[in-house]
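First the structure, in the form of C-alpha cells, and then the observations on it.
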Amino acid sequence: MVKIGLQVKANLENIESLKPQEESFKWYMKFACNNCGEVSSKWNYIMLEDEKPAQRGSGVTHYVTKCKLCARENSLTILPDTISEIKADTCDQFKTIVVFDCRGLEPKDFSAREGWIASVDGGTTFNNVDLSEGDWADYCDKTKQPVSISCIEHNFVRVK
Ligand SMILES: [Zn+2]
C-alpha cells in the first residue's frame, strides 16, 4: 500500500478558505497501473460516499478497477480524516487536501471540477464552486467585494 497525497494551490481573492464538499465530492483523476504502467486515458471519479467492501480484510474502499492491459484488479481508498482546506494566507504554497491509500495504482492527473466550498471571512459561503474552467468569480453581497479563485494547480506526493 502506498499513500499518495493530493496537493493544491490557488490564488484566492477575498476568499478565506477553499475546501471540497466531503461526502459527495467527486475526485476526478487519471491512474497508472503499477503492474504494467498503463495510464488510463479517461477521467474517473472517486467519492467518499461511494463505499465498497475491500478485497481483503474488513475495511472499505472507494474505487476498484481492473487494468485494461494486464487485467490486474487495483483499488484506492480515500482517507476521510485527511480531507482539508486551503487558506488564504498560505494559498500560494502547495497544501495536501486529501490522502489516498493506493493498492496497485497511482493517480497521475487531477481535474478540480465542481463541489468546492469557498468561504468569505464575515461574508457568504459559496457551497458549490465550479473550478472546471480553472477559475471562478462571483460577488459577495455581505462584504460588497468581488471574490475569485484562479490559477489552481495540483501536485501528488508520497505520504509516510
Ligand atoms: Zn496493468
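Quick note on the numbering used here: the sequence shown kicks off at 137 and runs consecutively.
Virtual Cβ for every residue (Gly too), placed ideally from N, Cα, C.
Q. For ARG249, is the beta carbon positioned less than 7 Å from some heavy atom of ligand 1?
A. For the purposes of this step, residue 249 is taken as the residue at position 113 of the sequence shown. No, the beta carbon of ARG249 sits no closer than 7 Å to any heavy atom of ligand 1.
Q: With DSSP as the reference, label ALA224 as helix, strand or coil.
A: Translated into positions along the sequence shown, residue 224 becomes position 88. Looking at ALA224 - three-state DSSP - the assignment turns out to be helix.
Q) Quick one: Cα of CYS227 to Cα of THR261, how far? A) Against the sequence shown, residue 227 aligns to sequence position 91. Against the sequence shown, residue 261 aligns to sequence position 125. If you take the alpha carbons of CYS227 and THR261, they lie about 18 Å apart.
Q: Could you give the DSSP three-state label for THR279: helix, strand or coil?
A: In the sequence shown, counting from the first residue as 1, residue 279 sits at position 143. THR279: coil per DSSP, three-state reduction.
Q) In chain order, what residues have a CB nearer than 6 Å to some heavy atom of ligand 1? A) CYS169, ASN171, CYS172, GLU174, CYS203, LEU205, CYS206 and ARG208
Q. Tell me, which residues are paired with VAL293 by DSSP?
A. One-based indexing of the sequence shown puts residue 293 at position 157. DSSP lists GLY141 as partners of VAL293.
Q | Endpoints, the beta strand (DSSP E) within which LEU241 is located | A | One-based indexing of the sequence shown puts residue 241 at position 105. Taken as a continuous stretch (DSSP letters only), the beta strand (DSSP E) holding LEU241 covers 241 to 247.
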